Amino acid sequence: MDGVEMAGVFMIPHVYYASENHHHHRAARAATAKKERIWDFGVIPYEIDGNFSGMHKALFRQAMRHWENYTCIKFVERNPIDHPNYIVFTERACGCCSFVGKRGNGPQAISIGKNCDKFGIVVHELGHVVGFWHEHTRPDRENHVVIEKNNIVVGQEYNFNKLTEDEVNSLGLPYDYDSIMHYARNTFSKGTYLDTIFPIEIPGRKRPEIGQRLRLSEGDIAQANLLYKCAKCGRTFQENSASFTSPTYYSTTPPTEPERCEWRITATHGERIVLNITDLDIYKSNSCRSDYLEIRDGYWHKSPILGKFCGSGKVNELIRSTGSPICGGDMNLESGGRLESPNYPVDYLPNKECIWRITVPKDYQVALKFQSFEVENHDNCVYDYVEVRDGGTADSRLIGVFCGYKIPPDMKSTSNKLFVKFVSDGSVQKAGFSATFMKEVDECEHMDHGCEHECINTLGGYECACYIGYELHSDKKSCENACGGQLDTPNGTILSPSFPKEYPIMKECVWEIVALPQHKITLNFTHFDLEGNTFYQASECEYDYVAVLSKSPDGTLHKHGSFCGYNVPAPITSEWNILRVVFKSDKTIQKTGFAAVYFTDIDECAVNNGGCQQECKNTVGSYVCSCRNGYTLHDNGHDCKESGCKHEIFTPHGQILSPNYPDYYPPKKDCIWHFTTTPGHRIRLVFNVFDIEPHQECAYDHIVIYDGNSPDSHTLGRFCGAKIPHPISSSSNQMYMVFNTDTSVQRKGFFASHSTACGGRLKATEVKNHFYSHIKFGSGMYDNGADCEWTIVADSGQNVQLKFLSFELEEEKMCSYDYVEVYGGLDDESGPLHGKYCGNANPPEIISMHEALMVRFRSDDTVGFKGFSAAYVAIKSNDDVLTTDEEGSDSSDIIPFPGSLKTVFIKQGEDMDEEEDDDIDYEIYPNRPTNTKMHIAVHNDIRSSQAID
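The opening residue of the sequence shown carries number 1 in UniProt numbering; numbering runs sequentially from there.
Quick look at the structure:
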């Protein structure tokens, strides 16, 4: 807590809270005056908790590289031998908090909690680690800012306390309003528009902005370099190549004062640094004691020395760090290491091919685990990709080829060798990947694991598990009775632990109901009350849930669903004679749980398919026949006859099948699928199975797909044969598909999935049209990670008028998190930026200068809000503009979804200017068998001047 001393070191929290309007606020220099809090030699060792995702780890390293890029501070992965004091990236109840400077008694926390995982916030927290207090706590702050204590939330006043000169040393630098360590005007405010801190007005000048979280200010950089006594000449190089000289290299006048320069060069894992000294002219002394150029293989003065030079001439040999060969190579290691794409986490370079051949000692396997992964996406990974093979050569058995954004699964070799290949083409570049590898052995097979019931091998270790009806003891090896168990009675009851009282935290129960062969089980919930807000979307049951699964005779599980919230799930009938029920609770909120009854019933469909011609579905005490796609049930209730084949599809995602799939489709069939989705979104169709009578021109059986609502629309493709078509997307919110068969050859047909994607090309006419931020607009929040672009085009000679009817996005001063941008033209380069918007006020009405506008919507990976709806129309320059009622009544007739819209916060358009982030890179890990940092120091006294190029 600010102002509360803990073991001699202050810990600074940053609380993220919701105001009365339910908008999320992100709460947040003066340097420490205590020398013991300065990190030795400017080296800050770190560890990152394993519970953070690869994306979070990349963000932390990116923030550390930002500090390194402008100062002589070095963040290094902790080595227990060299680094007794170090920071640990973790998550604590305080949210965002960190100690100021070095605590000095081992590990110290830097907490990055929920909603704190933004680049600027992590840079801010690292500022405390470096030794910075909040700028507004300086002893001289009354000369620069005013604190409005009456506007501060009760209980948070201590965050605005002024510190003493014994605690703070401003190092003679002026007050820095632009510091990343400065609070914003409404931090810890009772209301959005109430200032808690604001700069003192200077006549004739505009009040400076405060509270930026984009990058280090010039004052932050200057103060850090003073605090750590960084050399005045030199810098940190994070580029792939560069050249540099000593300060007076091009001067004919020797220096009048002694000089000390330091250059730090970093590279990514899997690369090494090559230094070419093209010219040298330094005063020569005995053993280069006075003036010299010294190069070390690592990040500090303790690293091995690669060379020390003085005198005149050229150094003929290239100086290399001991890192791995550039982009790939043979890696023979006793334990483990790390692989990263070239330039990671900045975008990898084009036209790269990197091959790593990893070898560990005999009797071990190589285990590979990706921590972050972002490689240009393609369904078949034909552009950029990572290829992994089970062996040491390109001919070894292929384990997998990976691209896209999903982290590949953990994998291991069957021998002591693994082949990893990374390829990039010349077009799109992404952030790349980071992976660790280690030697692996099956501990369950080769050692006395001590597990009472079952041993499960994992990468780098093993875990003990228990049979159903038992749970693992706290010793992690023995098993004890647990909730759940096997139930073999014809009917019975299942209750959550402690029902009807609240269930305990951190509980996992598994019940397995076993019926007689050719019987099925029906589960009926009679009470349901679990943490959560839904019962039908498994992806949203993140905390407590009940999962129901059918178990097949071969042991595979089919999931019926995961359920949470307070809505009672519908009755569930098993597919086979075994049904598994799983209950799991986390460590936070408890509810009363659930009660369910189950009963078994003979499966009439198990014998002769119940007499049904096609499909048989078992019901309680009976059964029902049904027919495949393209057929309807005969009056006799068992047989099937052909039916019409026209389908109107409005669901945002689903599957479509050819008639009679998976059997052969019938002859002389004409089928239509008309897809319609939310305006402003597109249809995406992906064929998973495709087998239609082939012909060079698809003249016989074929599929034709149109970009619109009829066969008069533009044709997207005509397909037949056995080759799966590429994914197909419409340009608008409608797609029309026709399937025709003749009288001759029939095949298996097709199985396809349809989904909805945001963005697309919209045609502006004189009739008003609408589009929406997301397909759930009006009934749900927009998704994280949205990246949508709409191009609105009118006829030549017309303009596009755009009016937002409702608008609710995450609020942030610079609109850095979730935002909408509107450009004049077809893209963000062909026309001016009309504005960048976030918050809860409808943006101003926009009329294009020409016949096109481009609207871009992006959201980050944290907070979601209601989104927006907008109307657009084509107008002539002298037309009246599109109008709606002030209270938004015009929006009611264009919202096809349940839900209400409110505007509760207004953000002026002129406050939306965005500042560009500084180029940034990630921290490198030197504590491994190879080095990817190089330390170069130049020293001279008054006698010499020349250095290197």
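Glycine residues also receive a C-beta, built at the ideal position from the N, C-alpha and C atoms. None of the values given here were measured: they were computed from a predicted structure.
Exercise. In the structure shown, what three-state DSSP assignment does Tyr348 receive?
Worked result: Coil.
For this session: Return the bridge partner residues of Pro107 from the DSSP annotation.
Result: Pro107 is bridged to Tyr86.
Exercise. Which partner residues of Leu59 appear in the DSSP bridge assignment?
Worked result: Looking at the DSSP output, Leu59 shares a beta bridge with no other residue.
Exercise. Should His446 go down as buried or exposed, given a rule of 16 or more other Cβ atoms within 10 Å for buried?
Worked result: His446 is exposed by the Cβ-count criterion.
Problem set entry | Cβ-based neighbour list, Ser622, same chain, cut-off 8 Å, excluding 5 preceding and 5 following | So the qualifying residues of the chain are Glu604.
Problem set entry | Pairwise C-alpha distance: Val510 and Ser552 | Answer to the nearest angstrom: the Cα atoms are 17 Å apart.
Exercise. Relative to the C-alpha of Val820, which residue among Asn840, Gly831 and Ser830 is closest?
Worked result: Closest by C-alpha distance to Val820, out of Asn840, Gly831 and Ser830, is Asn840.
For this session: Return the chain-ordered list of same chain residues with a C-beta closer than 6 Å to the C-beta of Asp390, the five sequence neighbours on each side being excluded.
Result: Result list for Asp390: Ser396, Arg397, Ile399, Ser413 and Thr414, in chain order.
For this session: May I ask you to verify whether the stretch 712 to 722 touches the stretch 659 to 678, counting CB pairs closer than 8 Å and requiring at least 3?
Result: With the cut-off at 8 Å, the stretch 712 to 722 and the stretch 659 to 678 do not touch.
Exercise. To which residues does DSSP link Gln801 through a beta bridge?
Worked result: The partner list for Gln801 (beta bridge, DSSP) reads Ile847 and Val873.
Problem set entry | Burial state of Phe650 (16 or more Cβ within 10 Å) | So Phe650 ends up on the exposed side.
For this session: Report all residues from its chain with a CB closer than 8 Å to the CB of Gly611; omit the five preceding and five following residues, and keep chain order.
Result: Cys625 and His638.
Problem set entry | Backbone secondary structure at Leu227 - three-state DSSP | Helix at Leu227.
Exercise. Are Asp379 and Gln429 touching if we call contact CB-CB under 7 Å?
Worked result: No.
Problem set entry | Distance, Ser335 Cα to Asp586 Cα | One C-alpha to the other measures close to 35 Å.
Problem set entry | Backbone CA spacing between Ile578 and Leu557 [nearest angstrom] | Using only the alpha carbons, I get a separation of about 10 Å.
For this session: My understanding is that Leu833 touches Thr791, with C-beta atoms under 8 Å, so please give their C-beta distance in whole angstroms.
Result: In fact, because the Cβ distance is near 15 Å, the residues do not count as touching under 8 Å.
Exercise. Terminal residues of the continuous alpha helix (DSSP H) containing Glu443?
Worked result: Counting along the chain, the alpha helix (DSSP H) containing Glu443 begins and ends at Glu443 to His446.
Problem set entry | Residue burial classification, Asn240 (beta-carbon count within 10 angstroms, cutoff 16) | Counting of Cβ neighbours within 10 angstroms places Asn240 among the exposed residues, the total staying below 16.
Exercise. If you pair each beta-carbon of the stretch 138 to 149 with each one of the stretch 96 to 106, do three or more pairs fall below 8 Å?
Worked result: These segments do not touch.
For this session: Following the continuous alpha helix (DSSP H) through Ile121, name the residue where it begins and the one where it ends.
Result: For Ile121, the enclosing alpha helix (DSSP H) stretches over residues Phe119 to Val130.
For this session: Compute the Euclidean distance between the alpha carbons of Asp818 and Ser731, then round it to the nearest angstrom.
Result: Roughly 24 Å between the two C-alpha positions.
For this session: Mind the definition here: the stretch 254 to 274 touches the stretch 222 to 235 only if three or more C-beta pairs lie below 8 Å; say whether that holds.
Result: Touching, yes, given that three or more Cβ pairs across the two stretches are closer than 8 Å.
For this session: From the DSSP output, in three-state form, read off Lys501 for me.
Result: Coil.
For this session: Give every residue of the same chain whose Cβ lies closer than 6 Å to the Cβ of Gln108, excluding the five residues on either side of it in the sequence, and list them in chain order.
Result: Within the same chain, Gln108 has close Cβ partners Ile87 and Phe99.
Exercise. Pairing CB atoms from the stretch 757 to 771 with CB atoms from the stretch 692 to 703, are three or more of them under 8 Å?
Worked result: By the Cβ criterion, the stretch 757 to 771 is not in contact with the stretch 692 to 703, since fewer than three pairs of Cβ atoms, one from each stretch, lie closer than 8 Å.
Problem set entry | Contacting residues, own chain, Cβ-Cβ under 8 Å from Val767 (five flanking each side not counted) | The residues are Val873.
For this session: Measuring only between beta-carbons, confirm whether Lys149 sits less than 7 Å from chain C.
Result: The structure shown has no chain C; it contains just one protein chain.
Exercise. Just checking my contact of Ile282 with Gly313 at CB under 8 Å: how many whole Å lie between their CB atoms?
Worked result: Ile282 to Gly313, Cβ: 10 Å. No contact.
For this session: Could you tell me the boundaries of the beta strand (DSSP E) in which Asp330 lies?
Result: For Asp330, the enclosing beta strand (DSSP E) starts and ends at Gly328 to Asn332.
Exercise. Three-state secondary structure (DSSP) at Met181?
Worked result: Here Met181 sits in coil by DSSP.
Exercise. In three-state terms, what does DSSP make of Lys768?
Worked result: In the structure shown, Lys768 sits in coil (DSSP, three-state: anything other than H, G, I, E or B).
Problem set entry | Where the beta strand (DSSP E) through Phe525 begins and ends | Secondary structure note for Phe525: its beta strand (DSSP E) is the uninterrupted segment His519 to Asp529.
Problem set entry | Trp263 (DSSP reduced to helix, strand or coil) | Residue state, collapsed to three classes: strand.
Problem set entry | Nearest-angstrom beta carbon gap, Lys668 and Thr743 [assumed within contact, 8 Å] | Contact holds; Cβ gap of about 6 Å.
Exercise. From what residue to what residue does the beta strand (DSSP E) around Pro45 run?
Worked result: Taken as a continuous stretch (DSSP letters only), the beta strand (DSSP E) holding Pro45 covers Val43 to Ile48.
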